[in-house]
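A.B. asks: Submitted below is the structure of interest, expressed as structure tokens.
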Amino acid sequence: MSSDNSTSPHFHPINVNTLALGFLQATLHASTIGETMAQISLASLSFGILTILVVTSIYFLISRGAISQTNGKVLLLSTLLLYMSTITYMAGLIWWWSNRSYFVTKAFDGLFSPIFDISVSAWLDAINQQDWMLTIALGVNFVIGDAIVWWRACVIWQHKVVNCVGPLLILAAICCAITGMVSAPESIPNGYDLNMLIGANSKVALVLSFATNVLATCLIGYKTWEHRRLLKQHFAEGRTTSRVLKALALLTESGCIYCTILTVFLVYQADPTSLAGPNYNFETISNDFEYGCLVPVVAIYPATIIAIVALKQSPIDAGGLSQPRQARRHGSALATAEAGVASTVVFHHSTGVRSSAAAVETQGSSVAGTPALRTCRCMHEPASETSTSHEETKVGAGNPV
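Residue 1 is where the sequence shown starts when you use UniProt numbering, and the numbers rise one by one after that.
Okay, structure coming up:
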């Protein structure tokens with residue numbers, strides 16, 4: 001009995017380029033298209049928010065004449081450095097995404113071709129450079145963020161010990177970060193994907209940065225509790241929306257929000273491999289956050305503080321937290337006002353600190369009586385006779401003999 005094989009399928013061998021197939025497997029296993037798009041979207045959104053904050057800060061610092069003062073120049077320079085480092089991060093991320101799209105397309109085209117003219121070494125060299133761009137940008141933003149937070153703590157305390165401890169912690173973190181990046185292995189296990197060059201010493205730097213922010217938050221929180229009556233008067237002004245914004249500004253300046261972000265990042269960096277398996281979704285979200293928006297978010301935090309100061313909406317300044325120490329030291333309301341002006345950025349036209357200091361000065365004069373008001377008037381007496389007569393009229397109206 002003969003069998004009819006006329007309808008049997010005929011299989012023809014297909015030659016697959018093993019180099020192209022291996023490249024596609026390694027690249028697509030490193031990160032899927034969805035993960036890549038999620039990282040690009042998060043980076044674009046956070047970079048847009050940072051751009052708005054940077055433009056706002058620069059505009060108000062310049063328009064209100066703050067850059068003529070040393071503090072104003074430092075804030076302007078810090079804002080520009082934050083933005084430039086984040087631009088470096090965005091350039092590295094976009095470079096990696098465009099390279100990945102190009103090489104993956106070439107690999108698909110050469111999958112069934114005997115000739116596959118892709119240079120894997122060039123791809124790996126480019127990824128190594130992109131890793132350095134992301135890591136340096138993250139380090140710069142961390143350092144500036146720590147410095148800005150500690151500056152706000154120094155504004156409140158105005159103490160030599162506080163002024164010295166912060167810079168020492170930041171310097172130690174910088175040294176650990178540099179040694180950690182240099183000693184980080186360049187031949188990483190997954191060479192087809194982006195990786196932060198974070199070694200053992202770099203993790204120590206992250207812990208020091210976290211400790212700096214926690215300590216600054218505790219220092220600011222202690223002063224906030226100690227002078228809660230001043231803040232209660234500050235928060236009592238305005239509508240409900242204004243009070244909520246003031247509370248958010250205080251949380252931002254104190255570092256509470258930033259410490260929460262750092263806590264999540266440190267937990268993930270402690271042992272990211274332990275989050276695989278059943279917690280794969282958490283690992284994916286953590287990767288998207290780390291490589292998608294961590295660098296811009298770290299820059300957004302100090303940029304927000306600078307914007308709050310530039311807009312004269314700082315609860316530390318307007319709420320009077322930077323003034324009571326000098327007032328207790330000199331025992332006068334006038335010293336309180338002078339300490340408030342010297343503790344933060346001085347604007348040429350007007351400043352929220354001056355207005356609050358004036359309020360403190362008025363309260364002090366009402367308690368101490370007419371001599372205190374006369375002392376304040378003599379200390380700030382203008383050279384012009386017209387201004388002098390106007391000031392005397394105001395004094396006479398406020399304190400009839």
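We treat Cβ as the ideally placed atom computed from N, Cα and C, and that holds for glycine.
The structure displayed is predicted, hence computed values, not measured ones.
Taking the straight line between their C-alpha atoms, what separation do you get for I115 and I14?
C.D. replies: Taking the straight line joining both Cα atoms gives about 15 Å.
A.B. asks: Going residue by residue through the region 101-133, where are the continuous alpha helix (DSSP H) segments of at least 4 residues, counting only ones entirely within it?
C.D. replies: Correct list: empty.
A.B. asks: Three Cβ pairs or more, each shorter than 8 Å: is that satisfied between the region 154-162 and the region 215-223?
C.D. replies: The region 154-162 vs the region 215-223: in contact.
A.B. asks: Within 10 angstroms of its Cβ, does G22 collect 16 or more other Cβ (buried), or is it exposed?
C.D. replies: It is exposed - the Cβ of G22 has fewer than 16 other Cβ atoms within 10 Å.
A.B. asks: Quick test of your reading: G292 and L42, contact by CB under 8 Å. State the CB separation rounded to the nearest angstrom.
C.D. replies: At roughly 3 Å, the Cβ-Cβ gap stays under 8 Å, so G292 and L42 are in contact.
A.B. asks: What number of angstroms, rounded off, separates the C-alpha of N201 from the C-alpha of V309?
C.D. replies: Between N201 and V309, the C-alpha separation is close to 34 Å.
A.B. asks: Apart from the five residues just before and just after C176, which ones in its own chain have a Cβ nearer than 6 Å to its Cβ?
C.D. replies: Answer for C176: N201, V204, A205, listed in chain order.
A.B. asks: Pull up the distance between the alpha-carbon of R377 and that of S314, whole angstroms please.
C.D. replies: Note that R377 scores a pLDDT of 43, beneath 50, so its modelled location is shaky; the value from the coordinates is reported in the next line. Going from the Cα of R377 to the Cα of S314 covers about 28 Å.
A.B. asks: What residues in its chain sit with their C-beta under 8 Å from that of L219, if we drop five residues either side in the sequence?
C.D. replies: If we look at L219 and ignore the five residues flanking it on each side, its Cβ neighbours are A153, I156, W157, V162.
A.B. asks: Whole angstroms is fine: what's the gap from S63's alpha carbon to T56's?
C.D. replies: Their backbone Cα atoms lie some 11 Å apart in a straight line.
A.B. asks: Compute the distance between the beta-carbons of V149 and N71, then report whether it is under 8 Å.
C.D. replies: Cβ atoms of V149 and N71: not closer than 8 Å.
A.B. asks: Going by Cα to Cα distance, which pick from L19, I261, V295, S98 is closest to F108?
C.D. replies: Cα-wise, what sits closest to F108 is L19.
A.B. asks: Quick check on the DSSP output: the alpha helix (DSSP H) that includes N163 runs from which residue to which?
C.D. replies: N163 -> alpha helix (DSSP H) spans 160-183.
A.B. asks: Looking at M181: is its Cβ nearer than 8 Å to the Cβ of L171?
C.D. replies: Against a cut-off of 8 Å, the Cβ pair of L171 and M181 comes out as no contact.
A.B. asks: S113 to Y258, Cα distance in whole Å?
C.D. replies: Cα to Cα, the separation comes out at about 52 Å.
A.B. asks: Quick one: what does DSSP say Q39 is sitting in, helix, strand or coil?
C.D. replies: Helix at Q39.
A.B. asks: Under 7 Å Cβ to Cβ from V298, same chain only, skipping five residues before and after it: list those, please.
C.D. replies: Cβ within range, chain order: L138, N141, F142, G145.
A.B. asks: Would you tell me roughly how many angstroms separate the C-alpha atoms of P296 and F47, rounded to the nearest one?
C.D. replies: Between P296 and F47, the C-alpha separation is close to 6 Å.
A.B. asks: Could you pull the start and end residues of the alpha helix (DSSP H) that L208 belongs to?
C.D. replies: L208 -> alpha helix (DSSP H) spans 200-226.
A.B. asks: When we look at the beta-carbon of Q25 and count the other beta-carbons within 10 Å, is it buried (16 or more) or exposed?
C.D. replies: So Q25 counts as exposed.
A.B. asks: Consult DSSP for Q25 and reduce its assignment to one of helix, strand or coil.
C.D. replies: Residue state, collapsed to three classes: helix.
A.B. asks: Helix, strand or coil, according to DSSP, for R64 in the structure here?
C.D. replies: Reduced to three states, the DSSP call for R64 is coil.
A.B. asks: Go ahead and pull the three-state DSSP assignment for N287.
C.D. replies: Three-state DSSP puts N287 in a helix.
A.B. asks: For P167, which option in A38, Q130, W123, A216 has the closest C-alpha, if you only look at C-alpha atoms?
C.D. replies: Nearest of A38, Q130, W123, A216 to P167, Cα basis: A216.
A.B. asks: With a cut-off of 8 Å on the beta carbons, I'd call I58 and L76 a contact; round off their distance for me.
C.D. replies: Their Cβ separation, rounded to whole angstroms, is 7 Å, which keeps I58 and L76 in contact under 8 Å.
A.B. asks: Distance, Cα to Cα, T135 vs L262?
C.D. replies: Going from the Cα of T135 to the Cα of L262 covers about 16 Å.
A.B. asks: At the level of alpha carbons, what is the spacing between S209 and W132?
C.D. replies: Looking at the two C-alpha atoms, the distance is approximately 20 Å.
A.B. asks: To the nearest angstrom, how far is the alpha carbon of L111 from that of V16?
C.D. replies: Whole-angstrom Cα-Cα distance: 6 Å.
A.B. asks: State yes or no: is the C-beta of I127 within less than 8 Å of the C-beta of L80?
C.D. replies: For I127 and L80, no; Cβs fall outside 8 Å.
A.B. asks: Based on Cα-Cα distance, which residue from F103, W96, Y102 lies nearest to Q129?
C.D. replies: Nearest C-alpha to Q129: W96.
A.B. asks: Looking at the structure shown, is M196 part of a helix, part of a strand, or coil, going by DSSP?
C.D. replies: Three-state result, M196: coil.
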